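Working notes, structure below.
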Amino acid sequence: MQAITLGKRQRNNRHNGFSLIEVLFVIFILAASTLALYSLFNMSLKMLWENKARVGATQLANEKLEIARNLPYNSVGTIGGTVAGTIPEDETVARNGIDYNVYTNVVYVDDEFDGTWASQPVDSLSNDYKRVLVRVSWHSNFSGSPVKFYSDVAPKGVETTLGGGTLVLTIFNMNGLPVSDANVHIYSDDVAPIVDMNTFTNAQGQVILPGVKAANEAYEITITKSGYSSSQTYDTTVALPAPDKPHLTIFEGQATSASFSIDQTADMFIYVKDINGLPLGNFTVHVQGQKRIGLDGNDQPVLKFNEDKISNASGVINMSDIEWDNYEITVVAATGYDINEIDPPAPVALMPLDSLGVNLKLEPTAAHSLIVTVKDVEDATVEGASVRVTNSQGYDKTIITGSAGQTFFTPLSNATTTVAVTKSGYEDYSNEIQVSGYSYEPVIMVVP
1 MQAITLGKRQ
11 RNNRHNGFSL
21 IEVLFVIFIL
31 AASTLALYSL
41 FNMSLKMLWE
51 NKARVGATQL
61 ANEKLEIARN
71 LPYNSVGTIG
81 GTVAGTIPED
91 ETVARNGIDY
101 NVYTNVVYVD
111 DEFDGTWASQ
121 PVDSLSNDYK
131 RVLVRVSWHS
141 NFSGSPVKFY
151 SDVAPKGVET
161 TLGGGTLVLT
171 IFNMNGLPVS
181 DANVHIYSDD
191 VAPIVDMNTF
201 TNAQGQVILP
211 GVKAANEAYE
221 ITITKSGYSS
231 SQTYDTTVAL
241 PAPDKPHLTI
251 FEGQATSASF
261 SIDQTADMFI
271 YVKDINGLPL
281 GNFTVHVQGQ
291 KRIGLDGNDQ
301 PVLKFNEDKI
311 SNASGVINMS
321 DIEWDNYEIT
331 VVAATGYDIN
341 EIDPPAPVAL
351 MPLDSLGVNL
361 KLEPTAAHSL
371 IVTVKDVEDA
381 TVEGASVRVT
391 NSQGYDKTII
401 TGSAGQTFFT
411 PLSNATTTVA
421 VTKSGYEDYS
431 NEIQVSGYSY
441 EPVIMVVP
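The sequence shown begins at 1 in full-length UniProt numbering and counts up by one.
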């Protein structure tokens with residue numbers, strides 16, 4: 001009898017154990033279902049809010065256009081715009097608990113019906129009518145595009161003669177392709193009222209503004225776009241008496257054209273180490289690009305990028321979001337070091353969207369030293385070349401180039417020095433130079 005009772009208890013215990021697992025499984029299923037339903041509900045609320053925001057933006061844009069249509073024709077323009085008027089260019093409007101950014105742009109339209117600034121003959125009346133753009137944006141949960149509406153506003157009767165010229169700006173990237181939606185800021189306090197406006201390039205990378213008031217070197221242009229380099233015009237100053245792109249001049253009845261190049265930025269990391277591979281922290285390195293913005297009073301180039309950079313505790317110089325260019329990297333003599341090797345060799349070519357690491361190997365300065373860089377005609381570094389350096393003081397040393405195609409000879413004397421380079425498959429190279437201080441010899445190897 002006792003054995004039978006014990007068997008029943010064991011069966012009951014097994015049954016109770018299975019029931020607990022089943023309960024936990026059901027709880028898990030319910031929790032997952034509840035979480036999924038909550039996420040779906042939350043997404044539905046965000047979509048409803050987004051639809052509400054877009055409807056509100058559409059209504060707001062229509063209201064702004066309607067206000068513009070009902071203004072006197074001479075008042076249809078923006079405060080600070082090349083087409084001056086009473087409409088704010090940028091404003092924040094709160095509707096139904098949502099903050100909207102309202103951007104309004106007004107430009108003259110040079111209609112092709114009676115010729116344009118580019119036709120032959122040129123249309124002397126380039127301000128045929130006005131085009132009003134209203135763009136309404138908001139903080140979107142889905143990165144939604146803003147609402148944009150256009151409307152043309154024509155004068156009552158025939159077109160009027162307001163004077164001025166046509167400003168034509170073209171923005172392109174490194175490969176000569178148009179850059180659309182670039183922000184173009186135009187400023188001039190040499191005209192009345194003052195021009196201080198923002199506009200955007202079209203799909204062809206252009207901004208065409210008829211009816212801009214004539215003025216000499218008066219219009220400051222700045223081109224920007226998120227994630228891109230910038231470009232601009234420059235003032236004529238004592239430090240920059242000859243800018244390559246001076247502020248623009250608008251001539252009466254003529255077109256002024258200017259082009260600007262911008263592209264996506266890149267990152268460059270310079271790893272500063274000594275000849276033993278140990279990082280050099282708090283070390284100053286000079287970095288300069290080849291792009292210039294003009295000439296100084298001595299007809300020397302004023303470079304767009306020309307800065308000292310200091311390495312962090314790990315010997316790294318982090319240069320983020322910089323413009324594509326060819327960069328020279330040098331070390332100031334006061335640091336007590338010379339460059340033993342740069343990999344890749346200078347000038348370092350940085351392209352858009354690059355994330356490039358540059359290894360900079362340094363060694364203590366000698367009175368006289370020589371770095372030799374060996375490349376082929378395609379500008380590729382030559383590894384495994386034998387570089388022999390001899391001089392009239394009895395110096396004679398041979399070093400094989402590594403992956404960077406470079407060799408460094410130190411200490412040397414201030415003397416006439418011969419550099420001889422050989423490698424199988426190339427013509428022999430030999431050149432006589434005068435070594436004085438930190439010297440550099442570029443070598444180009446030619447295939448027979």
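Backbone N, C-alpha and C define an ideal beta-carbon position, used for all residues, glycine too.
Since this is a predicted model, take the numbers as computed values, not measurements.
### Query
Along the chain, which unbroken stretches of the beta strand (DSSP E) at least 3 residues long are found entirely within the stretch 155-205?
165-172, 183-188 and 195-200
### Same chain, Cβ closer than 6 Å to Ala182, five either side skipped, listed in chain order
In the sequence shown, counting from the first residue as 1, residue 182 sits at position 182. Answer for Ala182: Ile171, Thr201, Ile223 and Lys225, listed in chain order.
### Message
For Gln2, which residues in the same chain have their Cβ closer than 6 Å to its Cβ, ignoring the five residues on either side in sequence?
### Response
Within the sequence shown, numbered from 1, the residue matching residue 2 stands at position 2. At Gln2 the pLDDT is 48, less than 50, meaning the model places this residue with poor confidence and gives no usable figure here.
### Query
Val443 and Val377: beta carbons closer than 8 Å?
As a working mapping, residue 443 is identified with position 443 in the sequence shown. As a working mapping, residue 377 is identified with position 377 in the sequence shown. The answer is no: Cβ separation not under 8 Å.
### Task
Put Asn298 into one of helix, strand or coil per three-state DSSP.
In the sequence shown, counting from the first residue as 1, residue 298 sits at position 298. Residue state, collapsed to three classes: coil.
### Task
Give every residue of the same chain whose Cβ lies closer than 8 Å to the Cβ of Tyr391, excluding the five residues on either side of it in the sequence, and list them in chain order.
Here the question's residue 391 lines up with position 391 in the sequence shown. A small fix is needed here, since residue 391 is Asn in this sequence, not Tyr. Excluding sequence neighbours, Asn391 sits near Leu412, Ser413, Ala415, Thr416, Thr417, Thr418 and Val435.
### Query
Considering only residues of the same chain and omitting the five flanking positions on each side of Gln290, which have a CB-CB separation below 7 Å?
Position 290 of the sequence shown holds residue 290. Closer than 7 Å at Cβ, skipping near neighbours: Asp325, Asn326 and Pro347.
### Nonlocal neighbours in the same chain, by C-beta distance under 6 Å from Ala203, ignoring five residues either side
Indexing the sequence shown from 1 puts residue 203 at position 203. The residues are Ser180.
### Task
Along the beta strand (DSSP E) that carries Lys397, what are the first and last residues, could you check?
Position 397 of the sequence shown, counted from the start, is the residue given in the question as residue 397. Here the beta strand (DSSP E) through Lys397 covers Asp396 to Ile400.
### Query
Taking all protein chains shown into account, do 16 or more other C-beta atoms lie within 10 angstroms of the C-beta of Asp338, making it buried, or fewer, making it exposed?
In the sequence shown, the residue the question calls residue 338 occupies position 338. Looking at its Cβ environment, which holds 16 or more other Cβ atoms inside 10 Å, Asp338 is buried.
### Task
Find the nearest neighbour of Gly85 within the set Ile27, Thr104 and Thr92, judged by alpha-carbon distance.
Along the sequence shown, read from residue 1 onward, the residue named residue 85 stands at position 85. Checked all of Ile27, Thr104 and Thr92; the closest Cα to Gly85 is Thr104.
### For Leu280, the three-state DSSP class (helix, strand or coil)
On the sequence shown, residue 280 is found 280 positions in, with the first residue counted as 1. It is coil, neither helix nor strand.
### Task
Inspect the CB distances between the stretch 128-139 and the stretch 89-103 and report whether three or more fall short of 8 Å.
yes
### Message
Give me the residue from Val389, Val23 and Asn96 with the minimum Cα distance to Leu370.
### Response
Within the sequence shown, the letter at position 370 stands for residue 370. Residue Val389 is the option with its Cα nearest to Leu370.
### Query
Which residue from Asp152, Leu248 and Ala57 puts its Cα closest to that of Leu169?
Indexing the sequence shown from 1 puts residue 169 at position 169. Out of Asp152, Leu248 and Ala57, Leu248 has the C-alpha closest to the C-alpha of Leu169.
### Query
Can you list, in chain order, the residues of its chain whose CB lies under 8 Å from that of Leu303, leaving out five sequence neighbours each side?
Counting from 1 along the sequence shown, the entry for residue 303 is found at position 303. Cβ neighbours of Leu303 beyond the five flanking positions: Gln288, Gly289, Gln290, Lys291, Arg292 and Ile293.
### Query
For residue 449, which of helix, strand or coil comes out of DSSP?
There is no way to answer for residue 449, as the model of the chain reaches only from 1 to 448.
### Task
Look at the alpha carbon of Ile317 and the alpha carbon of Arg69, and state the distance between them as a whole number of angstroms.
By one-based count along the sequence shown, residue 317 stands at place 317. By one-based count along the sequence shown, residue 69 stands at place 69. Roughly 55 Å separates the two Cα atoms.
### Query
For Asn282, does the count of other Cβ atoms within 10 angstroms reach 16, so buried, or fall short, so exposed?
Residue 282 sits at position 282 when you count from the first residue of the sequence shown. Classification for Asn282: exposed.
### Task
Would you mind listing the beta strand (DSSP E) stretches within the stretch 216-258 that are 3+ residues and don't spill past its ends, in chain order?
248-250
#### Entry: Leu353: first and last residue of the uninterrupted beta strand (DSSP E) it sits in
Taking the sequence shown and counting its residues from 1, the one referred to as residue 353 is at position 353. No beta strand (DSSP E) holds Leu353; DSSP gives it neither H nor E.
### Query
Rounded to a whole number of angstroms, what is the C-alpha to C-alpha distance between Glu112 and Lys52?
As a working mapping, residue 112 is identified with position 112 in the sequence shown. As a working mapping, residue 52 is identified with position 52 in the sequence shown. Spanning the two alpha carbons is a distance of roughly 40 Å.
### Task
Return the Cβ separation of Ala266 and Asp354 in integer angstroms, given the expectation that the two are a contact with Cβ distance under 8 Å.
Here residue 266 is taken as the residue at index 266 of the sequence shown, counted from 1. Here residue 354 is taken as the residue at index 354 of the sequence shown, counted from 1. That belief holds up - the Cβ atoms of Ala266 and Asp354 are roughly 4 Å apart, short of 8 Å.
### Query
Is the beta carbon of Val372 sitting closer than 8 Å to the one on Val382?
If you number the sequence shown from 1, residue 372 lands on position 372. If you number the sequence shown from 1, residue 382 lands on position 382. No.
### Query
Can you check whether the CB of Leu280 is closer than 8 Å to the CB of residue 468?
No information on residue 468 is available, as it lies outside the stretch 1 to 448 that the chain covers here.
### Query
Below 8 Å between beta carbons: does that hold for Ser261 and Asn340?
Translated into positions along the sequence shown, residue 261 becomes position 261. Translated into positions along the sequence shown, residue 340 becomes position 340. Taking 8 Å as the Cβ cut-off, Ser261 and Asn340 do not qualify as a contacting pair.
### Beta-carbon separation (whole angstroms), Ile79 vs Pro88, contact threshold 8 Å
Translated into positions along the sequence shown, residue 79 becomes position 79. Translated into positions along the sequence shown, residue 88 becomes position 88. Yes, they are in contact, since the Cβ atoms of Ile79 and Pro88 sit about 6 Å apart, within 8 Å.
#### Entry: Same chain, Cβ closer than 6 Å to Ile399, neighbours up to 5 away in sequence not counted
The count along the sequence shown starts at 1 and reaches residue 399 at position 399. The residues are Val387 and Thr407.
### Query
For His286, does the count of other Cβ atoms within 10 angstroms reach 16, so buried, or fall short, so exposed?
To locate residue 286, count along the sequence shown from 1; it is residue 286. So His286 counts as exposed.
### Query
For Phe305, does the three-state DSSP call read helix, strand or coil?
In the sequence shown, residue 305 corresponds to position 305, counting from 1. Note: Phe305 maps to coil in three-state DSSP.
### Message
Rounding to the nearest angstrom, what Cα-Cα distance links Ser314 and Met268 in this structure?
### Response
In the sequence shown, residue 314 corresponds to position 314, counting from 1. In the sequence shown, residue 268 corresponds to position 268, counting from 1. Those two C-alpha atoms are separated by around 16 Å.
### For Val76: DSSP bridge partner residues
The sequence position of residue 76 within the sequence shown is 76, counting from 1. Beta-bridge pairing links Val76 to no other residue.
### Query
What's the gap between the Cα of Asn431 and the Cα of Ala420?
Position 431 of the sequence shown, counted from the first residue, corresponds to residue 431. Position 420 of the sequence shown, counted from the first residue, corresponds to residue 420. The alpha-carbon atoms of Asn431 and Ala420 are separated by roughly 7 Å.
### Query
Would you report the Cα separation of Leu350 and His368, rounded to the nearest angstrom?
Working through the sequence shown from its first residue, we reach residue 350 at position 350. Working through the sequence shown from its first residue, we reach residue 368 at position 368. C-alpha separation (whole angstroms): 31 Å.
### Query
When you compare each of Phe251, Gly336, Lys309 and Lys64 to Gly164 by their alpha carbons, which one comes out closest?
Against the sequence shown, residue 164 aligns to sequence position 164. Per the Cα distances, Phe251.
#### Entry: Classification of Pro121 by the beta-carbon crowding that lies within 10 angstroms, buried from 16 upward
As a first step, residue 121 is located in the sequence shown; it is residue number 121 there, counting from the start. Exposed, by the Cβ-count rule.
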